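Asker: Residue numbers (this note's numbering): 80 to 165. We put the beta carbon where it would ideally sit given N, CA and C, even for glycine. No experiment lies behind these values; they were computed from the predicted model shown. To start, I am sharing the structure in question, which I have written as structure tokens.
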């Protein structure tokens, strides 16, 4: 039996640097950096944002790492992890 992928992937980011742009701007930048075939439903606040990606990508790690390494997302990081620095 082949393992099934989850129906969706939730990606939660937090603003670790108060000088970083707020979530409402950062979510637009993040969406532009992700693969175009990802269907994302954003929910952005000032200090946190969440993307629900449906269906869940098979290997989201590399695409997320590339996006978070972009200078446009400095000061933001995955929930529970450090943020990229300026």
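One question on the structure: do residue 132 and residue 121 come within less than 8 Å of each other, judged by their Cβ atoms?
Answerer: In this structure, residue 132 keeps its C-beta atom at 8 Å or more from the C-beta atom of residue 121.
Asker: Count the other CB atoms, across all protein chains shown, that sit within 10 Å of the CB of residue 99; report buried if there are 16 or more and exposed otherwise.
Answerer: buried
Asker: Write down every uninterrupted run of the alpha helix (DSSP H) in the region 120 to 150 whose length is 4 residues or greater and which is fully enclosed by it, in chain order.
Answerer: 140 to 148
Asker: Residue range of the alpha helix (DSSP H) that residue 102 falls in?
Answerer: 102 to 112
Asker: Assuming residue 143 contacts residue 90 (C-beta within less than 8 Å), just tell me the rounded distance between them.
Answerer: About 7 Å; that satisfies the 8 Å criterion.
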